[in-house]
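Same order as they appear, the protein sequences are chains L and H.
Numbered according to my numbering, the first sequence spans residues 107 to 222.
Numbered according to my numbering, the second sequence spans residues 8 to 117.
Glycine residues also receive a C-beta, built at the ideal position from the N, C-alpha and C atoms.
In this text, all values refer to a predicted model and were calculated from it rather than measured experimentally.
Note sheet for the following structure.
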Amino acid sequence: NAGVTQTPKFQVLKTGQSMTLQCAQDMNHNSMYWYRQDPGMGLRLIYYSASEGTTDKGEVPNGYNVSRLNKREFSLRLESAAPSQTSVYFCASSEARLAGLTYEQYFGPGTRLTVT
Amino acid sequence: EDKVVQSPLSLVVHEGDTVTLNCSYEVTNFRSLLWYKQEKKAPTFLFMLTSSGIEKKSGRLSSILDKKELSSILNITATQTGDSAIYLCAYDNYGQNFVFGPGTRLSVLP
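As structure tokens, then:
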């Protein structure tokens, strides 16, 4: 049981390049999330997918796009990378948040992205 | 704007000390508050709190929520070097997402 996996672990991009971060979970969770973590800022939500076929913007969506490929996979794309997107990116998943219940999130190991 | 404040932002203690980490929130809707521990990589879940005054406990760690004061504390007794980590609190605002605080960086010295 791998939980939440992310690829790649590290990436260096030049300004203007594009790339896709991949995330997969094997816990049969309905909801998936992409966060970025910057020093002193905690985790900030970029996009989330409440269920297969739906995606919504979070707190900091500008410069990113997402695709919920199927129930297991949720990718994050940077179309034209900028130095401000240098960060650690975490994918997470959870049970569907229904009927007033909260479920904890399970996080992947993160991708450290540097944009020069 | 909803936000979460944690204090202190950084803390250095020696093994055996007891620490109290604070989390306060300003939210429009509140459903629950969660604590996570982040070592080198991914945050891992510690506690979920939904009701005031009910302590959650796991070994040397415990946490309690005060809805009247819009705050929560995380206590760690008899700290060990393995407790060194960033401790994050987050709340569920009835939306489809969670709002995280900046974290408290705890360093436990031998």
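Going by DSSP, what residues sit across from residue i in a beta bridge?
i      : result
H/T27  : H/N82
L/Y154 : L/Y139 and L/D162
H/Y32  : H/V11
H/P50  : H/Q45
H/E63  : The residue asked about is misnamed: residue 63 of chain H is Lys in this sequence, not Glu. Partner(s): H/S70.
L/Q112 : L/C129
L/G122 : DSSP lists no partner for L/G122.
With distance defined between alpha-carbon atoms, name the residue in the options nearest to residue i.
i      : options                           : result
L/E158 : L/N168, L/G164 and L/S181         : L/S181
L/D132 : L/I152, L/F213 and L/R218         : L/F213
H/V106 : L/E165, L/S186 and L/V194         : L/E165
L/Q128 : L/Y195, L/Q211, L/E210 and L/A202 : L/Y195
L/A156 : L/G148, L/R142, L/G146 and L/S173 : L/S173
L/Y141 : H/N104, H/S79, H/L113 and H/T111  : H/N104
H/P109 : L/S124, L/D144 and L/F116         : L/D144
H/T111 : L/S186, L/E201, L/K177 and L/L149 : L/L149
L/S124 : L/S193, L/S186, L/E201 and L/A202 : L/S186
H/L28  : H/P117, H/Y101 and H/L72          : H/L72
L/E201 : L/S193, L/K177 and L/N136         : L/N136
L/N176 : L/K163, L/N134, L/G122 and L/G146 : L/N134
H/S14  : L/G146, L/T160 and L/T126         : L/G146
Cβ of residue i within 8 Å of Cβ of residue j?
i      : j      : result
L/A84  : L/G169 : Outside the displayed span of chain L (107 to 222) sits residue 84 of chain L, for which this structure offers no information.
H/V115 : H/V20  : yes
L/A110 : L/C197 : In the sequence as presented, Ala is not what sits at residue 110 of chain L; that position holds Val. Result yes, Cβ atoms of L/V110 and L/C197 sit closer than 8 Å.
H/T84  : H/E22  : no
L/Q191 : L/S199 : no
H/L113 : H/S91  : yes
H/S70  : H/L81  : yes
Using the Cα positions of residue i and residue j, report the straight-line distance between them to the nearest angstrom.
i      : j      : result
H/L16  : L/T208 : 26 Å
H/S31  : H/W42  : 12 Å
L/V221 : H/R67  : 41 Å
H/D99  : H/G89  : 28 Å
H/L40  : H/C96  : 7 Å
H/Y94  : H/Q45  : 6 Å
L/L184 : L/A130 : 18 Å
H/L56  : H/K47  : 25 Å
L/I152 : L/L219 : 15 Å
H/I61  : L/Q112 : 36 Å
H/V12  : L/Y154 : 23 Å
H/D9   : H/N36  : 9 Å
L/D162 : L/E179 : 15 Å
H/K63  : L/M138 : 26 Å
H/K75  : H/T51  : 27 Å
As an exercise, report each continuous beta strand (DSSP E) stretch of at least 3 residues that is fully enclosed by the stretch 160-217 of chain L, in chain order. Annotation: the stretch 160-217 of chain L contains the following complete segments of the beta strand (DSSP E) (minimum length 3 residues), in chain order: 170-174, 180-184 and 193-200.
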